[in-house]
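Colleague: Numbering of the sequence shown is given in my numbering, commencing with residue 22 and proceeding in unit increments. Backbone N, C-alpha and C fix where the C-beta goes; we use that ideal spot for every residue, glycine too. For clarity, every value in this text was computed on a predicted model and none was experimentally measured. This is the structure, below, for whatever I ask next.
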Amino acid sequence: MSESRNAQLITVNRILIFLGILAGVIVIYKAATLSFTHDESASYLIMENHSIWQIFTDESAWKSANNHILNSTLYKVSTSIFGQNDFAMRLPNVLAFFGCLWIAFFIVRTKLSSPTSKFVFFAILFFNPFVLDFYSLCRGYGLSMFFHFGFLAAIWHFHDTKRISMLYIAYGCLIFACLSLLTSLVLFPTYTLALWITSKSHQFDRKHLKHIILVPIISGIIALLLLAKPILYLINSNEFEYGVASIWDSFKSVILSTFTMVSRQDFMWVYDVLTVVFLFILIYVLYVSIKQRKNIYVSVSVMVFIVLLHVLCFGLGIMFPVDRKVTIYIPILALLFANQINNLPTERLNRVTTVLSFSACILALLSNKLDRTTEWAYDRKTKDFILHVDQLAKNDPKVLLTEWWFNPSADYYIKTLKLKNIQLLPYDKKFDLRSKPDMVIAFTKEMVNNPSYRLVDAVGGLGLYTRR
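Put into structure tokens, the structure is as follows:
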């Protein structure tokens, strides 16, 4: 490798360190400032009276898929140390981001040589605002992506070094990924089947083959023992029916969440075109990987994953991932595409794509909206609205009604901030003003023809109203 090439790689690595730290600053800022979202608040309200032991053992803790077990455990540990506040509850996922970033730096230094592959790797793994959001929230998605990525990094290192300890680390990470998000259980058969299918091509000896067979089986049994009861309970409660009925719609959900700047009402055809392009690239990369016998484990894993998702959908009625659940694709897609680009031999193409991929990283980071999340944008003002109601209720207690979208977050802040002068009406998906509440949090379109209330505070299509 020439000196100029070495210098280029060092420069790229430094740029990625800077951009990664910048992404981390965004994560910390949003974790510290964003209003608690609907699902975060629901998790707290379900778990507030449960001990860590009860999170695993008490059936009432499983009544909703909002109990992401590892996240629930870690946020309770965090708040016991740092006190009850939004940032303390989100801290485990913030730390998961920096753990993920550390592993990514190791990979770009030791596994990837192409500047373009490095930028694409980071762009998919971190810089998509939709993905970055989940490291700022008290949910299991950021933790799950971290442990999923940790598994992939460890199994890659195992293939390269034949160190059996890396196999144990990999499957340990996979157990934690499942504890973070039950959807991740599908990764156990996915990666195990891919490991067994590709083991011959890696020329493992008998000692390695014994561990390759036993470690996944033992780890899978441990995961099932920990999670069998919650899974059966949620299946019986039809919680796994949330999703879409085709792999097309699942991948389209990734595109919809990534390119939010395009109007869904006027330009849905753009999302369809982008989904077609994505699927074409995915199929091409898988074909080339198999044909060239490069990137083989990751490629086989993706194909097995897609097959298993179809089996789950049409065999057990467990729908394809959608919305926030599509984060399960992110680590494997990042490695798949980065590895394929890393194998491209054309230097001229690398120069062009390096500029394009670097530009994409910058644009993705700049497109972050610091006052909201992509998935729960409607909750961006709930905390401010509640504090406003509290100010008005200092000398005159208020009865508050919210649309169901805002009710969990309103309830969370009333309880955690101990706002005794606000009486929140119960959660109800039917928006009914006949109770004549003193104040209302609702979408402005719901209140536009209601002369009994006047607007006090608003942002976008969200409003705080008081009775005239």
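Measuring alpha carbon to alpha carbon, tell me which of 441, 136, 93, 219 ends up nearest residue 366.
Modeller: Nearest of 441, 136, 93, 219 to residue 366, Cα basis: 136.
Colleague: Where does residue 398 sit, in a helix, a strand or coil, going by DSSP?
Modeller: Looking at residue 398 - three-state DSSP - the assignment turns out to be helix.
Colleague: At 3 residues or longer, and completely inside the segment 370-435: list those beta strand (DSSP E) runs for me, N to C.
Modeller: Listed in chain order, they are 419-423.
Colleague: Determine the closest residue to residue 159 out of 440, 481, 394, with distance taken between C-alpha atoms.
Modeller: For the residues 440, 481, 394, the minimum Cα distance to residue 159 belongs to 394.
Colleague: Return the bridge partner residues of residue 488 from the DSSP annotation.
Modeller: Paired residues: 474.
Colleague: Could you please give me the residues that DSSP links to residue 463 through a beta bridge?
Modeller: Answer is 484, bridged to residue 463.
Colleague: For the beta strand (DSSP E) containing residue 444, list its first residue and its last residue.
Modeller: From DSSP, the beta strand (DSSP E) with residue 444 extends over 443-445.
Colleague: Just grab the DSSP bridge partners of residue 341 for me.
Modeller: Its beta-bridge partners are 265.
Colleague: Report yes if the C-beta distance between residue 139 and residue 33 is below 7 Å; otherwise report no.
Modeller: Against a cut-off of 7 Å, the Cβ pair of residue 33 and residue 139 comes out as a contact.
Colleague: For residue 478, which of 223, 471, 461, 293 has the nearest alpha-carbon?
Modeller: Of the listed residues, the one whose Cα sits closest to residue 478 is 461.
Colleague: Where residue 244 and residue 171 are concerned, what is the direct C-alpha to C-alpha distance, given to the nearest angstrom?
Modeller: Answer to the nearest angstrom: the Cα atoms are 17 Å apart.
Colleague: What alpha helix (DSSP H) runs, 4 residues minimum, are completely inside the segment 66-91?
Modeller: The qualifying runs are 73-78.
Colleague: When burial is assigned at 16 or more other CB atoms within 10 Å of the CB, is residue 450 buried or exposed?
Modeller: Label assigned to residue 450: exposed.
Colleague: Taking the alpha carbon of residue 442 as the point to measure from, which residue in 253, 415, 486 has its own alpha carbon closest?
Modeller: Closest option to residue 442, Cα to Cα, is 415.
Colleague: CB-CB under 8 Å to residue 343, same chain, minus the five flanking residues each way: which ones, in chain order?
Modeller: Contacts found: 263, 264, 265, 270, 271, 274.
Colleague: Would you tell me roughly how many angstroms separate the C-alpha atoms of residue 105 and residue 436, rounded to the nearest one?
Modeller: Roughly 11 Å separates the two Cα atoms.
Colleague: Quick check: residue 5 and residue 347, are their CB atoms within less than 7 Å of each other?
Modeller: No information on residue 5 is available, as it lies outside the stretch 22 to 489 that the chain covers here.
Colleague: So the alpha helix (DSSP H) residue 227 belongs to, where does it begin and stop?
Modeller: First-last of the alpha helix (DSSP H) with residue 227: 227-257.
Colleague: Please report the straight-line C-alpha distance between residue 400 and residue 54, rounded to a whole angstrom.
Modeller: Roughly 12 Å separates the two Cα atoms.
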